[in-house]
C-alpha cells in the first residue's frame, strides 16, 4: 500500500503529539471516560480536546460507545499492538539473537 | 508506578481485509476458531456458544443473546477453563462487524458486564483479547494461524 495514507501512518501521526499520548495514558489508567472528564485534565478548550480525540478516533486508538445519554471514550490497544508486532518485535528479535551469538562466541573462546 | 485494574468494560477494534461473511464464519466455526482462539473449538449458534479444548474439555458454555449474521453477535462469557474464574459471575461479549471501504471491515469486540468478575477481567485484559483478535486478522488476511 505504498502511496496512500495507511493505517500505520494514522497511528504514528496520532502518537506524534504529547497531548494525544497524555489522553491515551489517561484512558489507560481509567477507561471509558466522557469528554468532560478528559477535558478537565487538559489545559485547553473543549474544542481543542475534541480535535485531539477525533484524531485518536480516526487512527482507531480510541473507540467511543454510547452509555445512556453519555458518550464514553475507550482505549483500543490493538493498533499499538499491531505496530509493535510489525516494527518493534522484528528488530528486537535480531538484537536478542545478536546478543545470544555474542554470548556463545565469548563462552566458546573463554 | 501506577497500578491499573482491568476495566469492567473492554473495547478492542481492528480493521480486517475480509468480507463480513468470512469474518462471521471465522468467529462461529470450530475449524476456524481452533487456529486463533487458544486452540479452542468454538461453535456458536442461536442456541448457544460452546467452547471445547483440544482434549474435549468444556472451556465455555454460554447463552447467545443476539445472533444476527453477519453483523452482530452477543453472547455470555464464563471462563470454565479455570476453576477460580469459573466461580465468578457471567459477563458479556459483543462482536460487531461493519463493512468499510476497499474490502475492509471494522470489527469491534466489547467485553463488558465484568463488574462481578474482576479476575476474569484481569485474565482477558490486553494481551488475552489482543492475541485472539490479531490472530483472527492474520488468519483471515493470510490464511495462517499465528503459529502456522
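Protein chains in written order, with the working numbering: chain V, 3 to 112; chain L, 55 to 202. For every residue, glycine included, the Cβ atom is placed at its ideal position computed from N, Cα and C. Note that this is a predicted model, so its numbers are computed, not measured.
Item	Value
Cross-strand partners of residue 73 of chain V (DSSP beta bridge)	V/68
Identity of the residues DSSP links to residue 161 of chain L by a beta bridge	L/68 and L/151
Cβ neighbours of residue 32 of chain L in the same chain (closer than 7 Å, five flanking residues each side left out)	Missing from the structure shown is residue 32 of chain L; chain L here goes from 55 to 202 and no further.
Collapsed DSSP secondary structure at residue 105 of chain L in the structure displayed	strand
Closer than 9 Å to chain V by CB, residue 82 of chain L	no
Spatial neighbours of residue 164 of chain L in its chain, beta-carbon cut-off 6 Å, leaving aside the 5 residues before and after	65 and 148
Straight-line Cα distance separating residue 125 of chain L from residue 151 of chain L	5 Å
Nearest-angstrom Cβ-Cβ length linking residue 74 of chain V and residue 35 of chain V, presumed shorter than 8 Å	6 Å
Neighbourhood of residue 139 of chain L by C-beta distance below 7 Å, restricted to the same chain and skipping five residues each side	133, 173, 174 and 177
Within 9 Å, strictly: CB atoms of residue 68 of chain L and residue 160 of chain L	yes
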